[in-house]
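**Q**
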Amino acid sequence: MDLEGLVQEEVSVLRSKDFVEAVAVVGSYARDPEAEHTDIDFFIIVDEDWRKRETERVDETVVERFYNSMDGAEAYLEGDEWWKNFHWFKNADVRYDPEGLFDKLLETAEERKSEALDLSEEDKDKILYSIWDRYQDLDSDDVGRQRFLMNDFVDYLVQKNFLLKGEVPVKRNYRLEKLESFDGYMYKLVQDFLMSSSTVEKKDKLDKMVSYMTRGLGRPGPEWSTDREDFP
Numbered sequence: 001m002d003l004e005g006l007v008q009e010e011v012s013v014l015r016s017k018d019f020v021e022a023v024a025v026v027g028s029y030a031r032d033p034e035a036e037h038t039d040i041d042f043f044i045i046v047d048e049d050w051r052k053r054e055t056e057r058v059d060e061t062v063v064e065r066f067y068n069s070m071d072g073a074e075a076y077l078e079g080d081e082w083w084k085n086f087h088w089f090k091n092a093d094v095r096y097d098p099e100g101l102f103d104k105l106l107e108t109a110e111e112r113k114s115e116a117l118d119l120s121e122e123d124k125d126k127i128l129y130s131i132w133d134r135y136q137d138l139d140s141d142d143v144g145r146q147r148f149l150m151n152d153f154v155d156y157l158v159q160k161n162f163l164l165k166g167e168v169p170v171k172r173n174y175r176l177e178k179l180e181s182f183d184g185y186m187y188k189l190v191q192d193f194l195m196s197s198s199t200v201e202k203k204d205k206l207d208k209m210v211s212y213m214t215r216g217l218g219r220p221g222p223e224w225s226t227d228r229e230d231f232p
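Heads up: the sequence shown begins at 1 in this note's numbering, then just goes up one per residue.
Below is the structure:
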């Protein structure tokens with residue numbers, strides 16, 4: 001059975017269940033069905049407040065099913081990793097949705113995107129503080145530990161650069177490709193960092209990344225405070 005046949009069969013089974021309100025293919029197959037795929041992801045909206053994940057192998061293809069209520073699906077758009085489900089809902093290949101629930105999810109996702117990319121001064125101050133805080137951790141006599149933290153720091157910088165440039169973050173396996181599409185200079189610095197064999201050279205590239213990213217924002221440092229938040 002080809003992949004599209006597998007998808008259609010899966011959708012037919014899912015939509016026949018009494019508790020299923022909508023079904024969409026998400027992930028890589030939804031974005032590019034003509035490419036080679038080893039797995040297919042289904043996002044299923046159910047009519048009650050529960051969630052469940054199933055993974056099984058069907059004809060050499062891994063099928064993953066994510067069951068969520070509408071409220072649960074919207075909750076995935078909260079928090080720092082909102083962008084993961086934003087991409088799912090943005091690129092969803094809707095196969096069954098009589099009530100238009102995925103249209104509502106996409107509307108919520110677009111609103112969340114606008115909020116997340118509209119960085120406040122407090123958001124920017126937090127980024128500056130976090131850069132300073134992580135940079136301090138790089139000082140170590142253990143070269144292995146230092147390089148591990150450097151790699152982690154680069155990933156953090158790339159993620160924050162997405163937000164500072166008004167771009168929606170993406171998964172690690174697409175991150176550099178996406179970075180190259182909108183920020184060639186930062187992409188070159190990251191590539192130079194990755195190809196450097198010297199710890200000193202890596203540190204130099206990190207310094208350049210930090211200087212480049214924080215232009216116009218201020219100097220990374222320990223000064224940072226949040227607004228007062230009163231509990232009910």
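Ideal placement from N, C-alpha and C gives every residue a C-beta, glycine not left out.
From which residue to which residue does the alpha helix (DSSP H) around Asp123 run?
**A** Sequence index remark: in the sequence shown, residue 123 carries index 123 (1-based). Run containing Asp123: 121–136, per the alpha helix (DSSP H) assignment.
**Q** When the Cα of Asp93 is compared with those of Glu81, Ile40, Asp139, which residue comes out closest?
**A** Reading the sequence shown from its first residue, position 93 is the one you call residue 93. The shortest C-alpha separation from Asp93 is found at Ile40.
**Q** Let's see if you can read the secondary structure: which residues bound the alpha helix (DSSP H) around Tyr67?
**A** Within the sequence shown, residue 67 is the residue found at index 67, counting from 1. Here Tyr67 belongs to no alpha helix (DSSP H); instead the beta strand (DSSP E) covers 61–69.
**Q** What is the DSSP secondary structure of Val23, reduced to helix, strand or coil?
**A** By one-based count along the sequence shown, residue 23 stands at place 23. Three-state DSSP puts Val23 in a strand.
**Q** Roughly how far, in whole angstroms, is the beta-carbon of Gly221 from the beta-carbon of Leu128, given that I think they are within contact range, below 8 Å?
**A** Along the sequence shown, one-based indexing puts residue 221 at 221. Along the sequence shown, one-based indexing puts residue 128 at 128. That belief holds up - the Cβ atoms of Gly221 and Leu128 are roughly 7 Å apart, short of 8 Å.
**Q** Please work out which residues of its chain come closer than 7 Å, Cβ to Cβ, to Tyr187, disregarding the five sequence neighbours upstream and downstream, and give them in chain order.
**A** As a working mapping, residue 187 is identified with position 187 in the sequence shown. Once the five neighbours on either side are set aside, the close Cβ partners of Tyr187 are Leu176, Leu179, Glu180.
**Q** My assumption, with CB atoms under 8 Å, is that Val20 sits in contact with Val7. Please give the rounded CB distance.
**A** Reading the sequence shown from its first residue, position 20 is the one you call residue 20. Reading the sequence shown from its first residue, position 7 is the one you call residue 7. No, Val20 and Val7 are not in contact; Cβ-Cβ is about 15 Å, not under 8 Å.
**Q** Would you mind working out which of Glu10, Asp137, Lys84 sits nearest Val170, comparing C-alpha positions?
**A** As a position in the sequence shown, residue 170 is number 170, starting the count at 1. For the residues Glu10, Asp137, Lys84, the minimum Cα distance to Val170 belongs to Lys84.
**Q** To the nearest angstrom, how far is it from the Cα of Leu119 to the Cα of Lys160?
**A** Within the sequence shown, residue 119 is the residue found at index 119, counting from 1. Within the sequence shown, residue 160 is the residue found at index 160, counting from 1. Rounded to the nearest angstrom, the two C-alpha atoms are 11 Å apart.
**Q** Considering only C-alpha positions, which residue in the set Asp32, Pro33, Arg172, Ser197 is nearest to Ser157?
**A** The count along the sequence shown starts at 1 and reaches residue 157 at position 157. It should be noted that the sequence gives Leu, not Ser, for residue 157. Comparing Cα-Cα distances from Leu157 to each of Asp32, Pro33, Arg172, Ser197, the minimum goes to Arg172.
**Q** Cβ of Phe89 within 7 Å of Cβ of Leu106?
**A** Here residue 89 refers to the residue found at position 89 when the sequence shown is read from its first residue. Here residue 106 refers to the residue found at position 106 when the sequence shown is read from its first residue. Against a cut-off of 7 Å, the Cβ pair of Leu106 and Phe89 comes out as a contact.
**Q** Name the DSSP beta bridge partners of Lys52, please?
**A** For the purposes of this step, residue 52 is taken as residue 52 along the sequence shown, with counting starting at 1. Tyr67, per the DSSP bridge assignment.
**Q** Contact between the stretch 58–72 and the stretch 135–154 is defined here as three or more beta-carbon pairs at a separation below 8 Å; is this criterion met?
**A** Touching, no, given that fewer than three Cβ pairs across the two stretches are closer than 8 Å.
**Q** Quick one: is Tyr29 buried, meaning 16 or more other Cβ sit within 10 Å of its Cβ, or exposed?
**A** Here residue 29 is taken as the residue at index 29 of the sequence shown, counted from 1. Answer is buried; the Cβ neighbour count reaches 16.
**Q** From Lys202, Asp155, Met195, Glu121, pick the residue whose C-alpha is nearest to that of Gly216; which is it?
**A** Here residue 216 corresponds to residue number 216 of the sequence shown, with the count starting at 1. Comparing Cα-Cα distances from Gly216 to each of Lys202, Asp155, Met195, Glu121, the minimum goes to Glu121.
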